[in-house]
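Asker: After the structure tokens below, expect a handful of questions from me.
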Amino acid sequence: MAQSTRERYRVDPVRTRRRAWPFPLNIYQSAVGRKWVMALTGIGLVGFALIHMVGNLHVYEGPARMYEYAETLRTIGGGLVPKSFVLWLMRLGLTGMFALHLHAAITLKDMSRHSSDDAGLMSGAKKYAGGRDHIAATYASRTMRWTGPIIALYLLFHLADLTWGWWLGPDFVRGDPYHNVATSLSSLPVAILYVVANVALALHIFHGAWSIFQSLGINNPRYNHLRRALAAGIAGLILIGNLSFPILAQTGLISEDNRACPVNDSDGLVCLAEEAEGH
Amino acid sequence: MSDIISVTVKVWRQDGPDSSGGFETHPQQISTDASFLEMLDLLNEQLNDRGEEPIVFESDCREGICGTCGVMINGRAHGPQKATATCQLHMREFADGDEIVIEPFRAAGFPVIRDLAVDRSPLDHIIESGGYISVGSGAAPDANLTPVPRDAAEQAFDAAACIGCGACVAACPNSAAQLFTSAKVGHMALLPQGQPERWSRTESMVEVMESYFGSCTNHGECHEACPKEISLDFIAYLNRDYVKAKVKNRALSGQR
Chain L
1 MAQSTRERYR VDPVRTRRRA WPFPLNIYQS AVGRKWVMAL TGIGLVGFAL IHMVGNLHVY
61 EGPARMYEYA ETLRTIGGGL VPKSFVLWLM RLGLTGMFAL HLHAAITLKD MSRHSSDDAG
121 LMSGAKKYAG GRDHIAATYA SRTMRWTGPI IALYLLFHLA DLTWGWWLGP DFVRGDPYHN
181 VATSLSSLPV AILYVVANVA LALHIFHGAW SIFQSLGINN PRYNHLRRAL AAGIAGLILI
241 GNLSFPILAQ TGLISEDNRA CPVNDSDGLV CLAEEAEGH
Chain F
1 MSDIISVTVK VWRQDGPDSS GGFETHPQQI STDASFLEML DLLNEQLNDR GEEPIVFESD
61 CREGICGTCG VMINGRAHGP QKATATCQLH MREFADGDEI VIEPFRAAGF PVIRDLAVDR
121 SPLDHIIESG GYISVGSGAA PDANLTPVPR DAAEQAFDAA ACIGCGACVA ACPNSAAQLF
181 TSAKVGHMAL LPQGQPERWS RTESMVEVME SYFGSCTNHG ECHEACPKEI SLDFIAYLNR
241 DYVKAKVKNR ALSGQR
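One line per chain: the protein sequences are L and F, in this order.
The first sequence begins at 1 in the numbering used here and counts up one residue at a time.
The second sequence begins at 1 in the numbering used here and counts up one residue at a time.
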């Protein structure tokens, strides 16, 4: 009764394993390891989003304090390292985390799509004619693959807007973030774009922050019920903070009406520096 | 009190793994006391009487413990009742005039054999890759010689309740088999008897799983579909143990 393995198991594997990479890179070859990478980079990125939002609250203290905050970021490390050195290290770290997060997400989505025969190209979810009403999956978890690309595109716009100054053109003053923010967000279409993108970001974080615990196996039955609340709290905090900027800029709270210093990148910045000193 | 209800059964028919399938509609008068599978049995008798091919579906114990039955009923694995396998579902869950859509579990790792029967052997493959546990051979040991903490025993039993029906894969939008694999890995990992091969078992079972099924994105649909209500916590333990296993297996193989 010698049956070959092939006869007994008619189902062929959906994918074949490639040659193993050296440790610890081989962890990234598995989907579970990739989810670990997504979770760990997710922690870094959520942390960044939170700190970025809190730092930006300086805009409510006026142009001089905002200028001081931006200068402080460039001079982290004091006189020990060249100016902006630590800032660039952090930027590189963030870029690396983004790249890993994106690569893992795209490859895992692909893997899931190939695991269902009739999965849609974009949604990836399989179809049942009987209607598939999701019971446990939240709106946030089902839209991760939509909110993700929205955030990535928004990020490019955001960098072009307030870091590279592509849209503002001559209105963009490098080193005067208050002026740039106030000018950019005073335009209604830009403000709407920021609101939409930040709602997507909050949804993404709501599922992501909970998912981190599950992917890394951080599990303690005593505290498990707090995980959803924590995710909602972080997402809500980032949402409220980030939405306040475009909304209050539209209502006129972030405006340059009472500005003491001129707007330019020479004596304007000197004036802001002096005003910040005087505090 | 039993009532007779009339329902419309819209059922998936497919001749074989390589043929394309389609839906067939049959009106059916049925007592609300009938189980769901009895309803299909009666339908098959009618088909037989008319000289048509009966609908192929799987079932064995019909008491919810073997994991053989399992179809998508109105888009839900094992139908509308929570924590119930298809065989334990009764027609009283449906109302007069309902349309009932019955489909096979769908995933690339579960090819359709015929009609509602799918080949779930990839799940066996995962179990098989788990290998063995080391037990001393010879005279049978005394009972209770190996102490097991009560909580560990309880939790291992919760995991071992998995009947391997595949509803988790069918309900998962990603067709991931994480809940099944984590239950199987989990019940051994919690017991002292499972410790010697714990890390090699975790690693190989996850890797065989990933060659057939998708990637878990923590939706939680599997837990809702599970007739045995296996907890999502086991998936967390599996994710933790897998990366730990990667590190430990390297150390165990002499590389540090």
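By construction, the Cβ of each residue, glycine as well, lies at the ideal position given by its N, Cα and C atoms.
In whole angstroms, what separates the C-alpha of residue 222 of chain F from that of residue 81 of chain L?
Answerer: So the two alpha carbons sit approximately 52 Å from each other.
Asker: Is the CB-CB distance between residue 107 of chain F and residue 169 of chain F below 8 Å?
Answerer: It is a contact, given that the beta carbons lie within the stated cut-off.
Asker: Would you call the stretch 33-52 of chain F in contact with the stretch 133-150 of chain F, where contact means no fewer than 3 C-beta pairs closer than 8 Å?
Answerer: No, because fewer than three Cβ pairs between the stretch 33-52 of chain F and the stretch 133-150 of chain F fall closer than 8 Å, the two stretches do not touch.
Asker: Would you identify the three-state DSSP class for residue 1 of chain L, choosing helix, strand or coil?
Answerer: Residue placement at residue 1 of chain L is poorly supported in this model, since its pLDDT is 40, which falls under 50; the coordinates still yield a value, given next. Of the three classes helix, strand and coil, the one that applies to residue 1 of chain L here is coil, per DSSP.
Asker: With 16 other CB atoms within 10 Å as the buried threshold, where does residue 189 of chain L fall?
Answerer: Residue 189 of chain L is exposed by the Cβ-count criterion.
Asker: By DSSP's criteria, residue 27 of chain F is part of a beta bridge. Which residues make up the other side?
Answerer: Per DSSP, F/8.
Asker: Using the beta-carbon count (16 or more within 10 Å), is residue 217 of chain F buried or exposed?
Answerer: The residue in question, residue 217 of chain F, is buried, as its Cβ has 16 or more Cβ neighbours within 10 Å.
Asker: Classify residue 112 of chain L: buried if its beta carbon has 16 or more other beta carbons within 10 angstroms, exposed otherwise.
Answerer: Residue 112 of chain L comes out buried.
Asker: What residues match up with residue 22 of chain F in a beta bridge as DSSP calls it?
Answerer: For residue 22 of chain F, which the question treats as bridged, DSSP gives the partners F/13.
Asker: For a cutoff of 8 Å on Cβ pairs, would you count residue 73 of chain F as touching chain L?
Answerer: Interface residue, yes.
Asker: Ignore the nearest five residues each way along the sequence and tell me which others in residue 39 of chain L's own chain have a CB closer than 8 Å to its CB.
Answerer: Taken in chain order, the residues that qualify are 211, 212, 215, 216.
Asker: Rounded to the nearest angstrom, what separates residue 70 of chain F and residue 62 of chain F at their Cα positions?
Answerer: Their backbone Cα atoms lie some 11 Å apart in a straight line.
Asker: Using a cut-off of 7 Å between C-beta atoms, extract the partners of residue 109 of chain F located in chain L.
Answerer: Neighbours of residue 109 of chain F on chain L, chain order: 11, 14, 115.
Asker: Could you work out which residues of chain L lie near residue 232 of chain F, taking near to mean beta carbons separated by less than 8 Å?
Answerer: The answer, in chain order, is 214.
Asker: For residue 36 of chain L, go through chain F and note every residue whose CB falls closer than 8 Å to its CB, in chain order.
Answerer: In chain order: 239, 243.
Asker: When you compare the CB positions of residue 204 of chain L and residue 138 of chain L, do they come within less than 8 Å of one another, or not?
Answerer: Result no, Cβ atoms of residue 204 of chain L and residue 138 of chain L do not sit closer than 8 Å.
Asker: Name, please, each residue of chain F whose Cβ falls closer than 8 Å to the Cβ of residue 27 of chain L.
Answerer: Per Cβ cutoff of 8 Å: 243, 246.
Asker: Answer yes if the stretch 239-254 of chain L comes into contact with the stretch 69-78 of chain L, meaning at least three C-beta pairs across the two stretches below 8 Å, and no otherwise.
Answerer: Too few Cβ pairs lie closer than 8 Å, so no.
Asker: Between the stretch 140-153 of chain F and chain L, which residues of the former have CB atoms less than 7 Å from a CB of the latter, in chain order?
Answerer: The residues in question: there are none.
Asker: Excluding the 5 residues flanking residue 77 of chain F on each side, which residues of the same chain have their C-beta closer than 6 Å to its C-beta?
Answerer: For residue 77 of chain F, where only same-chain residues beyond five positions count, the Cβ hits under 6 Å are 167, 170, 171, 225.
Asker: Can you have a look at residue 328 of chain L and say buried or exposed, based on whether 16 or more other CB atoms are within 10 angstroms of its CB?
Answerer: As displayed, chain L neither begins before 1 nor continues past 279, which places residue 328 of chain L out of reach and without an answer.
Asker: Should residue 20 of chain L be listed as close to the ligand FAD, given that the test is whether its C-beta is under 7 Å from any heavy atom?
Answerer: You won't find the ligand FAD in this model; it holds no ligand whatsoever.
Asker: What residue ranges within the stretch 97-138 of chain L form continuous beta strand (DSSP E) runs of no fewer than 3 residues, ordered along the chain?
Answerer: With a minimum length of 3 residues, no continuous beta strand (DSSP E) run stays inside the stretch 97-138 of chain L.
Asker: With 16 other CB atoms within 10 Å as the buried threshold, where does residue 36 of chain L fall?
Answerer: With 16 or more other Cβ atoms within 10 Å, it is buried.
Asker: Going along the chain, which residues of its own chain have a beta-carbon closer than 7 Å to the beta-carbon of residue 83 of chain L, five neighbours each way excluded?
Answerer: So the qualifying residues of the chain are 74, 75.
Asker: Run through the DSSP bridge pairs and tell me what residue 102 of chain F is partnered with.
Answerer: Its beta-bridge partners are F/11, F/73.
Asker: Closer than 9 Å between beta carbons: that is the criterion. Which residues of the stretch 211-237 of chain L meet it against chain F?
Answerer: Hits within the stretch, in order: 211, 213, 214, 215, 216, 217, 218, 219, 221, 224.
Asker: Between residue 185 of chain L and chain F, is any beta-carbon pair separated by less than 8 Å?
Answerer: With 8 Å as the cut-off, residue 185 of chain L does not count as an interface residue toward chain F.
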